[in-house]
DNA sequence: GAGGCGTGAGAGAGCGCTCTCTGCGACAGG
DNA sequence: CCTGTCGCAGAGAGCGCTCTCTCACGCCTC
């Protein structure tokens with residue numbers, strides 16, 4: 256198992272290392288006969304270019320990072336897999352590696368180091384909160400970065416998101432179309448843009464809705480629905496800020512003898528796997544996650560290729576998936 | 256944004272590059288005063304070692320791959336996240352990168368190239384099937400590799416798995432303990448060791464159980480349960496080969512007017528997120544995925560550190576999580 | 001005081017690759 | 001016939017780092 260170097264390929268082919276390199280990278284002009292000689296030498300020796308050596312001179316790592324928070328509610332997030340798969344689809348054919356970085360508190364800065372020491376060419380950042388210093392550092396250092404989701408505060412950074420407010424509106428319109436008269440919403444956390452925007456869009460359409468604040472979890476859906484039924488027993492339509500909330504809500508509604516969608520229509524958000532395992536299956540707002548992920552990858556590659564690329568934001572339209580629950 | 260090299264650190268500290276390198280890597284003996292001078296120089300210049308240059312000479316990439324099949328049923332697999340997070344936990348504190356490789360058909364060999372050209376130090380392989388040439392190639396080349404799950408055919412390769420048969424037995428014992436008289440199982444695919452072993456362990460405990468073959472999906476759970484109810488309407492206990500099967504089974508049981516666990520007790524396998532969003536919540540067999548993932552990482556690191564490490568297999572014990580469904 | 005030895009720093013040789021620069025031969029234009 | 005140009009291959013200078021090898025210096029022993 257000896258290592259084959261370009262030097263050796265050149266020797267076998269009877270050319271110089273420079274010419275062998277030209278053939279490997281397909282640039283420059285090389286005589287057809289020599290090109291073939293080199294190609295034969297490559298396959299006969301089983302040559303593979305040493306990435307470290309190449310990277311040392313090209314100053315490209317041919318690797319990008321995907322930075323995720325290692326939070327429990329993130330684990331098993333069905334979106335995660337779609338993001339990974341979407342980014343992979345763009346990046347892999349180019350021979351670029353995707354480095355997964357699940358960061359606990361404190362280890363997040365690692366991404367910045369990896370970028371600065373040339374180990375990574377750029378990063379996709381998921382779910383940054385206002386306290387996260389990483390985006391700021393990256394911007395300051397002029398390093399390629401794309402955010403998944405609109406930043407919490409306005410900042411000059413490229414991001415890709417879905418129009419959360421439009422999604423909320425979609426849900427509201429659905430409940431109205433179903434003829435619901437007493438409509439409520441259980442929201443996501445109001446300190447997150449995602450949580451806020453969904454309600455905002457929803458309230459634009461159903462201004463007199465009852466609002467109960469929660470977070471995106473199933474537990475929160477359970478607690479908030481108990482509260483909702485106490486405050487407003489005649490509710491006949493619920494917009495849940497997430498599918499998980501919706502599953503919790505439906506469990507509580509059943510426990511209280513309400514049928515879904517008979518007595519109460521329920522619309523979720525995310526079109527996660529929970530939407531399908533739920534009884535009844537969830538009507539929900541879908542985000543085109545895979546498309547968004549591909550767009551993130553493309554935006555990042557653009558920045559890497561040309562660091563002077565202006566900051567952009569791409570916003571995708573959500574869609575309503577009608578199933579049994581509402 | 257100029258790059259700081261070790262050369263520059265050495266110049267600022269007034270020492271040679273060699274000494275600066277010793278301080279950075281913490282090896283060799285360096286005078287205390289010089290050590291401090293170098294450390295000051297490092298922080299004042301903001302020095303970060305160039306990984307490519309280091310990797311070129313150390314012949315270590317400080318990166319490992321996690322190879323997953325890019326199949327739809329794999330997307331959103333709740334285990335995936337636990338595997339990633341477990342591996343990350345071991346590997347990250349050592350500064351080792353985790354490269355996610357979702358491979359479509361044909362692109363799987365990429366992992367072998369990445370390993371051979373020094374881009375990756377080792378790989379964790381998930382869900383290889385008998386037709387997969389990669390494990391064989393890796394073994395032949397003597398490259399560090401760990402399999403997640405027992406290989407389909409016996410081969411000299413290190414793997415980490417859970418005792419699937421013991422898990423099946425756990426489920427069988429539970430149904431017996433509940434007093435079920437007419438017990439059935441809906442299996443996973445019988446061409447996968449995972450699918451086979453679970454039934455085998457189950458049948459050791461409940462030899463007269465009715466067996467319906469399916470795969471691990473919810474759809475399969477739905478179809479198989481319809482079949483089961485037709486063949487055996489008095490069934491009062493079901494062991495589902497996966498949680499997804501179980502959710503499908505429960506949906507069908509409800510549709511047919513059976514209560515769970517009143518009329519029919521249901522036990523799943525995996526303790527996935529579906530087990531919690533299900534109504535009623537699923538009694539299920541848990542695999543200690545995060546622990547297993549950590550073990551995989553450790554095994555892999557051992558092989559990387561010492562390629563002569565003998566092939567090992569580590570088998571974890573499953574446990575029963577009792578909830579509402581059975 | 002000479003020789004042996006241990007400690008710690010510097011010199012410098014690569015690691016394998018890319019890429020510029022040089023050089024050489026062929027051909028066109030003056 | 002000489003010069004300019006162009007096409008294409010080779011020489012070689014790094015990229016930034018690690019690590020061996022050499023060497024200087026101070027201490028101990030005889």
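Protein chains in written order, with my numbering: chain A, 256 to 581; chain B, 256 to 581. Every residue, glycine too, gets a C-beta built ideally from N, C-alpha and C. These numbers were taken from a predicted model, which means no experiment stands behind them.
Backbone secondary structure at residue 320 of chain B - three-state DSSP | Within the second chain, the letter at position 65 stands for residue 320 of chain B. Of the three classes helix, strand and coil, the one that applies to residue 320 of chain B here is strand, per DSSP.
Who are the neighbours of residue 534 of chain B on chain A, taking C-beta pairs under 9 Å?
-> If you number the second chain from 1, residue 534 of chain B lands on position 279. Under the 9 Å cutoff, chain A gives 502, 505, 506, 509, 533 and 534.
Three-state secondary structure (DSSP) at residue 541 of chain A?
-> Counting from 1 along the first chain, the entry for residue 541 of chain A is found at position 286. DSSP places residue 541 of chain A in strand when its eight states are reduced to three.
Does the beta-carbon distance from residue 425 of chain A to residue 520 of chain A come in below 8 Å?
-> Within the first chain, the letter at position 170 stands for residue 425 of chain A. Within the first chain, the letter at position 265 stands for residue 520 of chain A. Against a cut-off of 8 Å, the Cβ pair of residue 520 of chain A and residue 425 of chain A comes out as no contact.
Compute the distance between the beta-carbons of residue 507 of chain B and residue 524 of chain B, then report whether it is under 8 Å.
-> Translated into the one-based positions of the second chain, residue 507 of chain B becomes position 252. Translated into the one-based positions of the second chain, residue 524 of chain B becomes position 269. The answer is no: Cβ separation not under 8 Å.
Any alpha helix (DSSP H) of 4 or more consecutive residues that is wholly inside the region 512-572 of chain B | Counting whole runs of 4 or more residues, the region 512-572 of chain B contains the alpha helix (DSSP H) stretches 529-532 and 544-560.
Nonlocal neighbours in the same chain, by C-beta distance under 6 Å from residue 559 of chain B, ignoring five residues either side | If you number the second chain from 1, residue 559 of chain B lands on position 304. Hits under 6 Å: 376, 377 and 399.
Enumerate in chain order the residues of its own chain whose CB-to-CB distance from residue 481 of chain A is below 8 Å, with the five nearest sequence positions on each side excluded.
-> Counting from 1 along the first chain, the entry for residue 481 of chain A is found at position 226. The answer, listed in chain order, is 507.
When you check each C-beta in the region 368-385 of chain A against every C-beta of chain B, which residues fall closer than 7 Å?
-> 368, 371, 372, 373 and 374
Anything in the region 468-482 of chain B with a Cβ closer than 8 Å to a Cβ of chain A? List those residues in chain order, please.
-> Per Cβ criterion, the list reads 473.
Other residues of its chain near residue 214 of chain B: CB distance less than 6 Å, five sequence neighbours each side excluded = With chain B represented from 256 up to 581, any question about residue 214 of chain B goes unanswered, as that position is not in the structure.
Separation of residue 337 of chain B from residue 346 of chain B, as counted between CA atoms = To locate residue 346 of chain B, count along the second chain from 1; it is residue 91. To locate residue 337 of chain B, count along the second chain from 1; it is residue 82. Taking the straight line from one Cα to the other gives about 14 Å.
Spatial neighbours of residue 344 of chain B within its chain, please: CB distance less than 7 Å, with the 5 preceding and 5 following residues excluded, ordered by chain position.
-> As a position in the second chain, residue 344 of chain B is number 89, starting the count at 1. If we look at residue 344 of chain B and ignore the five residues flanking it on each side, its Cβ neighbours are 549.
Quick one: complete alpha helix (DSSP H) runs, 4+ long, within the region 380-416 of chain B?
-> 389-396
Is the beta carbon of residue 454 of chain A less than 8 Å from the beta carbon of residue 483 of chain A?
-> Looking up residue 454 of chain A in the first chain gives position 199. Looking up residue 483 of chain A in the first chain gives position 228. No.
Quick one: Cα of residue 397 of chain B to Cα of residue 339 of chain B, how far?
-> Sequence index remark: in the second chain, residue 397 of chain B carries index 142 (1-based). Sequence index remark: in the second chain, residue 339 of chain B carries index 84 (1-based). C-alpha separation (whole angstroms): 24 Å.
First and last residue of the beta strand (DSSP E) that includes residue 438 of chain B?
-> One-based indexing of the second chain puts residue 438 of chain B at position 183. That run of the beta strand (DSSP E) goes 438-442.
How would you list, in chain order, the residues of chain B whose beta-carbon sits under 7 Å from the beta-carbon of residue 357 of chain A?
-> Within the first chain, residue 357 of chain A is the residue found at index 102, counting from 1. The contacting residues are 339, 340 and 343.
Which of the three DSSP states, helix, strand or coil, is assigned to residue 471 of chain A?
-> Sequence index remark: in the first chain, residue 471 of chain A carries index 216 (1-based). The answer is coil: DSSP assigns residue 471 of chain A none of H, G, I, E or B.
Identify the continuous beta strand (DSSP E) that holds residue 353 of chain A and give its terminal residues.
-> By 1-based counting over the first chain, the position of residue 353 of chain A is 98. Counting along the chain, the beta strand (DSSP E) containing residue 353 of chain A begins and ends at 352-358.
State the DSSP-derived secondary structure class of residue 575 of chain A, mapped to helix, strand or coil.
-> For the purposes of this step, residue 575 of chain A is identified with residue 320 of the first chain, where counting begins at 1. Three-state DSSP puts residue 575 of chain A in a strand.
Taking any Cβ of chain A, which residues in the region 266-294 of chain B have a Cβ under 9 Å from it, in chain order?
-> none
Beta-carbon proximity list for residue 320 of chain B, same chain, < 6 Å, skipping 5 on both sides = The residue labelled residue 320 of chain B in the question sits at position 65 within the second chain. Excluding sequence neighbours, residue 320 of chain B sits near 354, 356, 366, 375 and 378.
If we ignore side chains and look at the alpha-carbon of each, how far apart do residue 327 of chain B and residue 538 of chain A end up?
-> Counting from one through the second chain, the residue named residue 327 of chain B turns up at place 72. Counting from one through the first chain, the residue named residue 538 of chain A turns up at place 283. Note that residue 327 of chain B scores 48 on pLDDT, short of 50, meaning its location in the model is unreliable; the coordinates nonetheless yield the value given after this. Approximately 21 Å between the Cα atoms of the pair.
Helix, strand or coil: how does DSSP classify residue 496 of chain B here?
-> Your numbering for residue 496 of chain B matches position 241 in the second chain. Here residue 496 of chain B sits in coil by DSSP.
Per DSSP, what kind of secondary structure is residue 293 of chain A in: helix, strand or coil?
-> Looking up residue 293 of chain A in the first chain gives position 38. Residue 293 of chain A: helix per DSSP, three-state reduction.
At a CB-CB cut-off below 8 Å, which residues of chain B make contact with residue 311 of chain A?
-> Here residue 311 of chain A corresponds to residue number 56 of the first chain, with the count starting at 1. 305, 307, 308 and 311, listed in chain order.
Using a threshold of 8 Å, state whether the C-beta atoms of residue 498 of chain B and residue 479 of chain B are closer than that.
-> As a position in the second chain, residue 498 of chain B is number 243, starting the count at 1. As a position in the second chain, residue 479 of chain B is number 224, starting the count at 1. Using a Cβ distance threshold of 8 Å, residue 498 of chain B and residue 479 of chain B do not count as a contacting pair.
Does the beta carbon of residue 553 of chain A come closer than 8 Å to any beta carbon on chain B?
-> Walking along the first chain from the start, residue 553 of chain A turns up at place 298. With respect to chain B, the C-beta atom of residue 553 of chain A has no partner C-beta closer than 8 Å.
Taking Cβ positions, are residue 493 of chain B and residue 504 of chain B nearer each other than 8 Å?
-> Counting from 1 along the second chain, the entry for residue 493 of chain B is found at position 238. Counting from 1 along the second chain, the entry for residue 504 of chain B is found at position 249. Yes, the Cβ-Cβ distance between residue 493 of chain B and residue 504 of chain B is below 8 Å.
Contact set between residue 353 of chain A and chain B, taken where Cβ atoms lie within less than 7 Å = As a first step, residue 353 of chain A must be located in the first chain, where it is residue number 98. Going along chain B in sequence order, the residues near residue 353 of chain A (Cβ under 7 Å) are 354 and 355.
Below-8 Å beta-carbon distance, residue 403 of chain B vs any chain A residue = Start at 1 with the first residue of the second chain, and residue 403 of chain B comes out as number 148. Not an interface residue.
Pick helix, strand or coil for residue 301 of chain A, following the three-state DSSP scheme.
-> Locating residue 301 of chain A in the first chain gives position 46, counting from the first residue. Three-state DSSP puts residue 301 of chain A in coil, outside helix and strand.
Output the boundary residues of the alpha helix (DSSP H) element that contains residue 428 of chain B.
-> Stepping through the second chain from its first residue, residue 428 of chain B is reached at position 173. Taken as a continuous stretch (DSSP letters only), the alpha helix (DSSP H) holding residue 428 of chain B covers 419-432.
Distance between residue 372 of chain A and residue 412 of chain A (C-alpha atoms, nearest Å) = As a first step, residue 412 of chain A must be located in the first chain, where it is residue number 157. As a first step, residue 372 of chain A must be located in the first chain, where it is residue number 117. The straight-line gap from Cα to Cα measures roughly 21 Å.
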